[in-house]
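Numbering (the UniProt record's numbering), first residue to last: 1 to 93.
Right, one structure below, let's go through it.
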């Protein structure tokens, strides 16, 4: 149990300390229709406003986050370009 707990904490830290490459954050968002009851608040980086913003949807994938803080932490571009996450790695595809 202790090992699983530590592994879960490490995984949470590792996932939360990721920075996406700027082109990933600026990629146009593809929106899809939601089935009944699946819509939720999602945060994404929007090129039009040059910042992370919320919308209601059901999409998952790159540049879709559960919180504003997570969005800014993983897409620190545009208005958030001064944001630094020192324990980060940049993801590219």
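Where is the CB? At the ideal position from N, CA and C, for every residue including glycine.
Residue i to residue j span [Cα, whole Å]
i          : j          : result
residue 65 : residue 71 : 6 Å
residue 47 : residue 81 : 13 Å
Cβ neighbour criterion (16 or more within 10 Å) applied to residue i
i          : result
residue 31 : exposed
residue 53 : exposed
residue 34 : exposed
Residue i versus the options, residue with shortest Cα-Cα distance
i          : options        : result
residue 49 : 18, 1, 79, 2   : 79
residue 38 : 24, 68, 56     : 56
residue 68 : 18, 43, 62, 28 : 43
residue 29 : 61, 77, 73     : 61
Beta-carbon separation (whole angstroms), residue i vs residue j, contact threshold 8 Å
i          : j          : result
residue 20 : residue 75 : 6 Å
residue 63 : residue 27 : 6 Å
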